[in-house]
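First the structure, in the form of structure tokens, and then the observations on it.
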Amino acid sequence: MNAYDSDKIALGLDPLGYRLTDSPDKADMIIVNTCAIREKAVQKVFSYLGRVAGLKQIRPDLIIGVGGCVAQQEGDRILKRAPYVDLVFGTHAIGRLPSLLSRLEKKRQQVVDVEMGSRIQEPDGAVIPRGETEVSRFVTIMHGCDNFCTYCVVPYVRGRESSRQPEHILAEIQDLVDNGVREVMLLGQNVNSYGKKEGLPDFTSLLEKINDIKGLDRIRFTTSHPKDLSESLIGAFGRLDKLCRHIHLPVQSGADPILKRMNRNYTSTQYLDKINQLRRVCPDMAITSDIIVGFPGETKRDFDATIALIETVGYDGLFAFKYSDRPNAPATQFSEKVAEHDKDQRLQKVLELQEAITLARNRSLVGQTQEVLVESYRLKPVSGNGGVGAGQWTGRTSTNKIVHMPADEAAQGQAGDIDPGLLIPVLIKKAFAHSLWGLPDGSGARTASGPKGENSHAA
Ligand code: 5AD
Ligand code: SF4
1182 MNAYDSDKIA
1192 LGLDPLGYRL
1202 TDSPDKADMI
1212 IVNTCAIREK
1222 AVQKVFSYLG
1232 RVAGLKQIRP
1242 DLIIGVGGCV
1252 AQQEGDRILK
1262 RAPYVDLVFG
1272 THAIGRLPSL
1282 LSRLEKKRQQ
1292 VVDVEMGSRI
1302 QEPDGAVIPR
1312 GETEVSRFVT
1322 IMHGCDNFCT
1332 YCVVPYVRGR
1342 ESSRQPEHIL
1352 AEIQDLVDNG
1362 VREVMLLGQN
1372 VNSYGKKEGL
1382 PDFTSLLEKI
1392 NDIKGLDRIR
1402 FTTSHPKDLS
1412 ESLIGAFGRL
1422 DKLCRHIHLP
1432 VQSGADPILK
1442 RMNRNYTSTQ
1452 YLDKINQLRR
1462 VCPDMAITSD
1472 IIVGFPGETK
1482 RDFDATIALI
1492 ETVGYDGLFA
1502 FKYSDRPNAP
1512 ATQFSEKVAE
1522 HDKDQRLQKV
1532 LELQEAITLA
1542 RNRSLVGQTQ
1552 EVLVESYRLK
1562 PVSGNGGVGA
1572 GQWTGRTSTN
1582 KIVHMPADEA
1592 AQGQAGDIDP
1602 GLLIPVLIKK
1612 AFAHSLWGLP
1622 DGSGARTASG
1632 PKGENSHAA
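Per our numbering, the very first residue in the sequence shown carries number 1182; after that it's consecutive.
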């Protein structure tokens, strides 16, 4: 979501003559777009600001802005900790950036805008691709969150849930496709409740409309809240040919007392039931999740329940975090905090278990042909001498697994060129914990708009 917001910031500043640069040393303005989800992310912001402070000493005209969730959370307290910052703008202020900057230039005094409205101003145009070869792009479909999980800062820093109008979303995607984008990742804190508040067509209807966009090959979305994962959305995985066979369904914990205190509104049994429904519709669906270890009051038994759930589901990948107190989040006041040492151990155990499961799931793909959307080409660094070796193509399967293909061998047995944006069948030869390695399968068709390989889930 921050990557998308950063693009929106760049787009909004373009008419003022600002262009992106690849190095802070060359910049007239540095905008730090921040994340407040865990304490560690906030610490990173202030250590980064400390580094750019040095640049400001050398070039006093340099403008330093802080946006995003830490800006929203801290407001003018940022100026106290980092007095060289010129501009603080919150999550709802991106659309107001041009006027904030002209205020800053006219008055030459620090500007803070952390006002939150009920709706976020729509960007004027589509967030156009940054580079010619960009194949996949984010598209935000809703802002904020109304769920108030007790550990989470999002509702406080991003505000109440609000959905963008479908016509704006569709126009933005059409624009991206016209610029060569082949895949969109739809973003929202809880996409399953898209449009409910506003009385708009629901998320499944939105997906159906996006599925009809010509020239678009793939649709992904994140994040789904398990409590709101509807039957119609589960069914969409069997019906919509562009919808990728991957769902990120954060469970957070496998222990019911913890889920209750997290205010997640589902039990582990209900969660597992949704997983079974998904796998019935789409047996080779990739499933990933988020886990928090060491939530206040998490006993060894609770943690064991999480481990058991991870084993039962057999996730394709996991993001696991140590619980971190957040300002305003109710769990910060909960007693029975788990010791840092225990959190470390639990995190380690989850990561090790998951690495083994991911590797086993990836290995099961060896020998299969998977449809891969080619994203990029790069020369592989050669370890040791700092040089570069043979080139390799990289793409993703529908199940969101990264696939590398050596350019030489890829070019050898195969007719035609590989290019970013092409969907090609790839025979998987090797599997690692974080990627697959394969060769384009000469027997299959190669096309820019959706061949249906043997692993296609089209109904
Ligand atoms: N501590 C640790 N992890 C958190 N997350 C959200 N808030 C916290 C917190 N206070 C994790 C959740 C969420 C992911 C984006 O970040 O797992 O799904
Ligand atoms: Fe945070 Fe829960 Fe909303 Fe996700 S659903 S953003 S965890 S409050």
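Just so you know, even glycine gets a beta-carbon here, dropped at the ideal spot from N, CA and C. Being a predicted model, the structure only gives us computed values, none of them experimental.
Secondary structure note for I1190: its alpha helix (DSSP H) is the uninterrupted segment N1183 to L1194.
A distance criterion of 7 Å places the beta-carbon of F1402 beyond contact range of the ligand 5AD, judged by its closest non-hydrogen atom.
Residues with their Cβ less than 6 Å from any non-hydrogen atom of the ligand SF4, running along the chain, are C1326, N1328, F1329, C1330, C1333, V1335, P1336, Q1370, N1371 and H1406. Closest in alpha carbon position to L1421, among R1399, R1363 and L1430, is R1399. Between L1440 and T1448, the C-beta spacing is below 8 Å. Residue range L1604 to A1612 is occupied by the beta strand (DSSP E) that includes I1605. By the CB criterion at 8 Å, V1316 and E1556 fall inside the cutoff. DSSP, read as helix, strand or coil, puts G1475 in coil. Considering only T1469, V1474, F1484 and G1416, the residue with the shortest C-alpha distance to R1461 is G1416.
Straight across, the Cα-Cα distance linking Y1185 with R1341 is about 19 Å.
Taken through DSSP and simplified to helix, strand or coil, Q1549 comes out as coil. Remark: the shortest separation between the CB of S1413 and any heavy atom of the ligand 5AD does not fall under 7 Å.
Around the CB of K1561, fewer than 16 other CB atoms lie within 10 Å, so the residue is classed as exposed. As summarised for the segment 1488-1524, the continuous beta strand (DSSP E) elements at least 3 residues long and confined to that stretch are 1498-1503, given in chain order. For P1279, the uninterrupted alpha helix (DSSP H) segment begins and ends at L1278 to K1288. Counting the other CB atoms within 10 Å of its CB gives Q1224 a total below 16, which places it among the exposed residues. By the neighbour-count criterion, in which a residue is buried when 16 or more other Cβ atoms sit within 10 angstroms of its Cβ, A1520 is exposed. Cα atoms of R1442 and Q1370: separation of roughly 20 Å, rounded to the nearest angstrom. When the alpha-carbon of R1363 is set against those of L1424, V1233 and K1610, the nearest one is in L1424.
A straight line joining the alpha-carbon of L1194 with that of E1536 spans about 42 Å. The alpha-carbon of S1470 is positioned some 8 Å away from that of A1501. Look at T1469 here: in three-state DSSP terms it is strand. Annotated as distal: M1366 and F1418, with beta-carbon spacing of 8 Å or more.
Pairing N1392 with Q1551, the inter-Cα distance amounts to about 21 Å.
Shown here, Q1291 sits in coil according to DSSP, grouped into three states, outside any helix or strand.
Non-local beta-carbon contacts of T1539 in its own chain, meaning distances under 7 Å to residues more than five positions away in sequence, involve D1497, G1498 and A1614 in chain order.
For R1401, the pairing in a beta bridge is given by DSSP as M1366.
Annotated as proximal: I1190 and I1212, with beta-carbon spacing under 8 Å. The DSSP-derived three-state label of G1249 is helix.
DSSP lists D1294 as the beta-bridge partner residues of F1270. Taken from the Cβ of P1477, every heavy atom of the ligand 5AD lies 7 Å or farther away. Put simply, the backbone Cα of V1233 is about 44 Å away from that of I1605.
At a threshold of 7 Å, D1471 counts as near the ligand 5AD, since its beta carbon sits closer than that to one of the ligand's heavy atoms. In the three-state reduction of the DSSP assignment, K1561 falls in the strand class, which pools E and B.
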